[in-house]
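**Student:** Pasting in a structure now, in structure tokens, and then I'll have a few things to ask.
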Amino acid sequence: MTRKKVDLSYIANDSKRKATLKKRKNGLIKKIDEISTLCGIEACAIIYTPNDPQPEVWPSEWEVHRVLSKFKRVPELEQSKKMLNQESFLRQRIIKAQEQLKKQKSENRKKEMTQLMFEYLTAGKIFDNASMMDLNDLSCLIDQNLKEIERNINGQVQEVAPMIENAGEIMNVGEAMNVGETMNGGEQAVHMNHVQGLETNVDAMHKQNWAMDFINGGGSGSDMLPFGDVNAQNGFWANPYIP
């Protein structure tokens, strides 16, 4: 439940004014005590009331004198920098309220022009009862929307561009690795074919030399075939007997 807004004006009723003074004074002292404890700042309060000849001080007279002495040692320009009286406080409140009113009027005008823009877009034409002020404000609103769209597009392009570049680099690295693997595989295949060819040539030469030695009657005894053994096979002729 929201609190009722207080009317900041002098209370004419004596009893009500005294009750309000007591309540507000205790609340003020409580707030000063809280801010001093929570934030670790030096603060004091001096309250004059019409019914008490002596002012009420917080937290003590000695502490009040110490804080005031420290304040007086500050240059006068710094003293009055954030000092407020009733008139300056009200002036600040008025200026703040005027700024809020101006901002609210601007937002309301923008909403009106947005609604008018959609009506024109729906109808497909500009109504004859449109004033020059409305048309100028509508033109400004359209320009703002177009600039906002352009900024969003540029922002998205800037976000997507690094992703595309990174993807291209990854693809190039992958293609290079595939090409490298293909080349290495091809080199290994060529090397294996070359070795197999050398082995085949060596075997052929060895068999050819063995045949020549056998025909010429040369070679060692281990190279001679046992003609009487029909089970013996060699790698050159399928038949152990020479035709």
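Under this note's numbering, the first residue of the sequence shown carries the number 1271, and numbering increases by one thereafter.
Cβ atoms here follow ideal geometry from the backbone N, Cα and C, with glycine treated the same way.
(1) Secondary structure at A1289, three-state DSSP: helix, strand or coil?
(2) Taking all protein chains shown into account, decide if W1332 is buried (16 or more other Cβ within 10 angstroms of its Cβ) or exposed.
(3) Which residue from E1420, T1384, E1389 and R1421 puts its Cα closest to that of D1212?
(4) DSSP three-state call for V1276: helix, strand or coil?
(5) Reducing DSSP to helix, strand and coil, say where E1331 ends up.
(6) What residue from I1281, Q1368 and I1316 has the CA that sits closest to L1298's CA?
(7) Could you pull the DSSP bridge partners for I1281 from this structure?
(8) Near K1295, which residues of its chain fall below 7 Å by C-beta distance, leaving aside the five closest residues on each side in sequence?
(9) With H, G and I counted as helix, E and B as strand and the rest as coil, what does DSSP make of E1312?
(10) Which of the three DSSP states, helix, strand or coil, is assigned to I1317?
(11) Roughly how many angstroms lie between the CA atoms of M1387 and L1405, to the nearest whole one?
(12) For the 8 Å Cβ check, are there 3 or more pairs between the region 1308 to 1315 and the region 1335 to 1347?
(13) Report, in whole angstroms, the separation of the C-beta atoms of W1328 and I1302, which I expect to be a contact under 8 Å.
(14) So, at 8 Å on beta carbons, what are the nonlocal neighbours of K1340 in its own chain, with the 5 sequence-adjacent residues on each side left out?
(15) Residues in its own chain within less than 6 Å of Y1390 by CB, not counting five upstream and five downstream?
(16) Anyone know if the C-beta pair for R1273 and I1281 falls short of 9 Å?
(17) With DSSP as the reference, please indicate the residues paired to E1326 in a beta bridge.
(18) Looking only at its own chain, which residues have a Cβ that is under 7 Å from the Cβ of P1325, when we skip the five neighbours before and after it?
(19) DSSP on D1413, reduced to helix/strand/coil?
(20) Could you tell me the alpha carbon to alpha carbon distance between K1380 and K1300, rounded to whole angstroms?
(21) Closest Cβ-Cβ distance between L1291 and chain C: below 9 Å?
**Tutor:** Considering the structure as presented:
(1) As a first step, residue 1289 is located in the sequence shown; it is residue number 19 there, counting from the start. DSSP places A1289 in helix when its eight states are reduced to three.
(2) Here residue 1332 refers to the residue found at position 62 of the sequence shown. W1332 comes out exposed.
(3) Residue 1212 cannot be examined here, being either before or after the span of the chain that is shown, 1271 to 1513.
(4) As a working note, residue 1276 is residue 6 in the sequence shown. Residue state, collapsed to three classes: coil.
(5) For the purposes of this step, residue 1331 is identified with residue 61 of the sequence shown, where counting begins at 1. E1331 falls in the helix class under three-state DSSP.
(6) Stepping through the sequence shown from its first residue, residue 1298 is reached at position 28. Comparing Cα positions, the closest option is I1316.
(7) The residue given as residue 1281 occupies position 11 in the sequence shown. According to DSSP, which records beta bridges pairwise, I1281 is partnered with nothing at all.
(8) By 1-based counting over the sequence shown, the position of residue 1295 is 25. Cβ neighbours of K1295 beyond the five flanking positions: I1317.
(9) Here residue 1312 refers to the residue found at position 42 when the sequence shown is read from its first residue. Residue state, collapsed to three classes: coil.
(10) Within the sequence shown, residue 1317 is the residue found at index 47, counting from 1. The answer is strand: DSSP assigns I1317 an E or B state.
(11) Translated into the one-based positions of the sequence shown, residue 1387 becomes position 117. Translated into the one-based positions of the sequence shown, residue 1405 becomes position 135. Cα-Cα distance, rounded: 10 Å.
(12) yes
(13) Within the sequence shown, the letter at position 58 stands for residue 1328. Within the sequence shown, the letter at position 32 stands for residue 1302. Indeed, because the Cβ distance is near 6 Å, the residues count as touching under 8 Å.
(14) By one-based count along the sequence shown, residue 1340 stands at place 70. For K1340, where only same-chain residues beyond five positions count, the Cβ hits under 8 Å are E1312.
(15) Translated into positions along the sequence shown, residue 1390 becomes position 120. Within the same chain, Y1390 has close Cβ partners I1396.
(16) In the sequence shown, counting from the first residue as 1, residue 1273 sits at position 3. In the sequence shown, counting from the first residue as 1, residue 1281 sits at position 11. Going by C-beta atoms, R1273 is not nearer than 9 Å to I1281.
(17) Reading the sequence shown from its first residue, position 56 is the one you call residue 1326. I1317.
(18) To locate residue 1325, count along the sequence shown from 1; it is residue 55. The residues are I1316, I1317 and Y1318.
(19) Locating residue 1413 in the sequence shown gives position 143, where the first residue counts as 1. Here D1413 sits in helix by DSSP.
(20) Stepping through the sequence shown from its first residue, residue 1380 is reached at position 110. Stepping through the sequence shown from its first residue, residue 1300 is reached at position 30. In a straight line, the C-alpha of K1380 is about 45 Å away from that of K1300.
(21) In the displayed structure, chain C is absent; only one protein chain is listed.
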